[in-house]
Each structure stands twice: as structure tokens, then as C-alpha cells.
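Structure first, commentary second.
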Amino acid sequence: MEVLRATQLTFLDIRFNRIKGVVPATVFKLDLDVLFINNNNFRQRLPEILGDTPALYITFANNKFTGRIPPSIGKAKNLLEVLFLNNELTGCLPYEIGYLQNATVFDVGMNKLTGPIPHSFGCLKKMEQLNLAGNEFYGEVPEIVCRLSNLQNLSLSSNYFTQVGPACRDLVMKKKLNVKNNCILDLPEQRSKADCAMFFSRKLICDRTESFKWIPCMAGKNGFHSNSTEESEKKESTGSGFSSPSATTYGVLKPHRL
């Protein structure tokens, strides 16, 4: 498709078509503010140079993107909102996502992703909407994530999480956190014991396992999660918070909406 080879674009909207094939990697080097390619038939791996994009808003949703989210995403410092939902992504989340400190929306719902939530997500200070639902994530939900002061909606349903701490339970009570259909023994509406046992009988592997407790924004510390970093984060999250625009990208998941 020739429009994907243009070089003087700032706003690229080709959503809700039946476009097949691949998105040229060069698109992610264009000086775009907006890249809306949702609701097509793109079938490919996400390009390793994804992080080269200067875009503010990107929607990959409702396609057939496969493979991992590349670690280079952490270089996309302008990114405010990104939707990966309803694709066929696999692998574990890279800790580099924690470098997206301007992001307000991050959605990877309805994929085939797995692994723990990286503690680096605690660096997403402006995050408002965080959706990891409908994957195969597991382990403990990091308290540092539940203490993000601007978080309005944290959706972790239909995964295999096993534990939530006090800050996360507080979000459940406030209806800001959905952990239904997981493996958390003392909470209602969870998976059956048999379902959880079957999942955990599999060999669960992620690369760079040491990176899951890396917190790059913890200045003056070694950057790894500990009780002391939890206490520090409690203090940091009591401020008035950031102001940010309402979610733009969810609106473009409907035809004829911007």
C-alpha cells in the first residue's frame, strides 16, 4: 500500500479497512504524531525498531500482530497512548516499557502474553488506563503498580495472578482494579483450582528474569525492588498527580470516530 511508503506524513489513519500484508518498518521512522492502523488484517511481528517512532498515539488493535513487544519500545519517549489489544502477541513484557513516563494509556488486552508484571511499570507515573486482561500473566501483582497515583482503571482479569497486596486490594474495593478470573485464593470469582493447577504445571519461561524487579526511575538506589523501594514509592505517590488528556485512542476503535 503506497500510503505506507509516504515520507511527509504527520497523521496516518488507515483504520477499518481490509488491508493485508505488513506495515513497512520505515513507517516507524516517519515524523508522525498519530498512527492509527487498527481493525485491519495486518499479520506480522512487531518491528524491532518500534521505539524509533516519535508518535504520540498508536493503535495496533484488532489485527494479527505476532511475536513479542520489542524492548526498543522504551525509546518511544513521546508516546502517550498505545493500544495493542486483540492481536496474537506472545512472550513476556519487556521492562523497558517502564521508560514510557509520559504514557497515560497502555493496553495489551486479549493477546497471548505471559510472565510477571515488570516492577518497572511503577515508573509509569502518568498512567491512567492500564489493561493487561485476557492473557497468561502470572505471579504477584506488584504493589508499586497499584500505588500509581493517576491510575483510574487497572484491568488484570482473566490471567493467572496468585497474589495481591494491600494497595492492590484497596483498588479492588474502589473498583479501579479488576482481578476476576485469576488464581487468587481468598478473592471471589476466581478460576477453579484445577484450571490454575493445570496452568502452573507447565514450564513457565521468560528471558531476562532478573529485569522484572528492575525499577529504572528509582534514582539513588540500585534500581531493584525491595521493601525500602516500596516505602519510598508510598511517599512519592501521595502528591497531587499529573493532569493528562482523556483517552484518545479508544475513540478510534469505532468507525467514523476521532
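Sequential numbering of the sequence shown, starting at 45, is according to the numbering used here. Think of the CB as a built atom: it goes at the ideal place given N, C-alpha and C, for glycine as much as any other residue.
Annotation for Asp151: the continuous beta strand (DSSP E) segment containing it runs Val149 to Asp151.
Relative to Asn83, the option among Leu215, Lys108 and Lys73 whose CA is nearest is Lys108.
Judged by DSSP in its simplified three-state form, Gly95 adopts helix.
C-alpha of Cys212 to C-alpha of Arg191: approximately 8 Å in a straight line. Selection Lys170, Ala177, Asn203 and Glu180 evaluated against Gln196 yields Lys170 as nearest (Cα-Cα).
Annotation for Arg235: no beta strand (DSSP E) segment contains it, and DSSP assigns it neither H nor E.
Apart from the 5 residues on each side of it in sequence, Leu231 sits with its Cβ closer than 7 Å to the Cβ of Val223 in its chain, given in chain order. Pairing Pro138 with Ile113 gives a Cβ-Cβ distance under 8 Å. Glu254 is bridged by DSSP to nothing; it lacks a bridge partner. Ala177 and Leu157 have their C-alpha atoms spaced approximately 10 Å apart. In terms of CA proximity to Asn175, Gly153 leads the group Glu187, Val185, Gln234 and Gly153. Unbroken alpha helix (DSSP H) runs of no fewer than 4 residues, entirely contained in the region 145-213, are found at 187-190, following chain order.
In this structure the region 227-246 does not touch the region 126-135; the number of beta carbon pairs closer than 8 Å is below three.
Between Ile102 and Ile141, the C-beta gap is not smaller than 8 Å, which leaves the two residues out of contact. With respect to Phe128, Asn155 sits close: the two C-beta atoms are nearer than 8 Å. Within a 10 Å sphere around the beta-carbon of Pro210 sit fewer than 16 other beta-carbons, which makes this residue exposed.
With respect to the 8 Å criterion, Leu79 and Ala105 are not classified as neighbours on the basis of their beta carbons. For Phe55, the beta-bridge partners assigned by DSSP are Val78. Annotation for Gly111: Arg89, Leu90, Leu133, Thr134 and Gly135 place their beta carbon closer than 8 Å to its own, counting only its chain and skipping 5 residues before and after. Nearest in C-alpha terms to Arg252, of all of Ala120, Ala147, Leu123 and Pro160, is Pro160.
Residue pairing from DSSP places Glu132 in a beta bridge opposite Thr110. Annotated three-state conformation of Ile102 is strand, per DSSP.
Residue environment: His300 is assigned as exposed (fewer than 16 neighbouring CB atoms within 10 Å of its CB, all protein chains considered). Note on Gly65: under 16 other CB atoms within 10 angstroms of its CB, so exposed under the neighbour-count rule. According to the DSSP assignment, Phe72 belongs to no beta strand (DSSP E), since it is labelled neither H nor E. In the structure shown, Val126 adopts extended strand secondary structure according to DSSP, grouped into three states. Excluding the 5 residues flanking it on each side, Asp75 has same chain C-beta neighbours closer than 7 Å at Thr54 and Pro98, in chain order.
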